[in-house]
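Please read the structure below before turning to the comments.
Laid out in structure tokens, this is it:
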């Protein structure tokens with residue numbers, strides 16, 4: 001029975017680490033993609049490319065969803081790893097005369113080392129390098145689970161986004177996604193203003 005529970009815990013830890021990798025890959029691949037490339041691929045008609053376009057248009061929301069997913073999977077990995085790692089060294093530590101309190105401290109330290117190593121190497125570094133090297137292929141692989149997770153946790157993401165945007169405004173900084181939505185209007189005004197002035201000068205009656 002104990003062996004079966006250990007196997008289940010190990011499988012769950014591996015699955016959670018894989019989930020962390022998916023969210024990290026989504027975060028870096030969506031950030032690395034250029035808007036023109038995304039739009040051009042979406043016009044090709046592939047469903048995954050259209051999902052990438054939708055995610056890219058709400059980039060701040062999707063990045064917040066990825067961060068939330070990373071936090072949840074990492075915390076859950078630590079929660080499962082601590083008792084699993086603690087079962088292994090604790091009897092050996094008590095056998096050589098180390099007190100229970102010291103054994104517990106060593107066990108917690110070992111659990112932190114294991115969780116950090118798993119999350120850093122397999123959950124963060126490997127998917128990050130992959131996403132930076134091949135952003136489009138990576139985005140196509142992870143956009144659907146990223147999109148579904150963000151849709152499922154929309155209330156939590158909106159709450160955290162709202163809090164972050166409020167803090168940014170208090171610091172006198174406009175949130176980037178809102179600023180991006182206004183940029184085309186400003187560029188259009190810069191383009192049309194001199195032309196309107198020229199048109200008015202040509203239509204002004206001569207005295």
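Residue numbers (the UniProt record's numbering): 1 to 207.
Glycine residues also receive a C-beta, built at the ideal position from the N, C-alpha and C atoms.
**Q.** residue 35 versus residue 113 - alpha carbon distance
**A.** So the alpha carbons of these two residues sit roughly 39 Å apart.
Q | 8 Å contact criterion, which residue 55 and residue 82 should meet: CB distance rounded | A | Not quite, the Cβ-Cβ distance comes to about 34 Å (not below 8 Å), so this is no contact.
Q.
For a quick check, are the C-beta atoms of residue 68 and residue 153 less than 7 Å apart?
A. Closer than 7 Å, so yes.
Q. Grouping DSSP H, G and I as helix and E and B as strand, with all else coil, what is residue 186?
A. Its pLDDT being 44, under 50, residue 186 is placed unreliably in this model, and the coordinates cannot settle the point.
Q) How big is the Cα-Cα spacing for residue 49 and residue 171? A) Roughly 36 Å separates the two Cα atoms.
Q | Three or more C-beta pairs below 8 Å linking the region 99–109 and the region 132–140 | A | The answer is no - the region 132–140 does not touch the region 99–109, with fewer than three Cβ pairs under 8 Å.
Q) If you draw a straight line from the C-alpha of residue 39 to the C-alpha of residue 62, how long is it? A) Take the alpha-carbon of residue 39 and the one of residue 62: they are about 17 Å apart.
Q) My guess is that residue 127 and residue 24 are in contact by the Cβ rule of under 8 Å, so how many angstroms apart are they, rounded? A) For a cut-off of 8 Å, the C-beta gap from residue 127 to residue 24 is around 4 Å, short enough to register as a contact.
Q) Around the Cβ of residue 18, are there at least 16 other Cβ atoms within 10 angstroms (buried) or fewer (exposed)? A) Flag for residue 18 reads exposed.
**Q.** Residue interval of the alpha helix (DSSP H) (run including residue 135)
**A.** Secondary structure note for residue 135: its alpha helix (DSSP H) is the uninterrupted segment 135–152.
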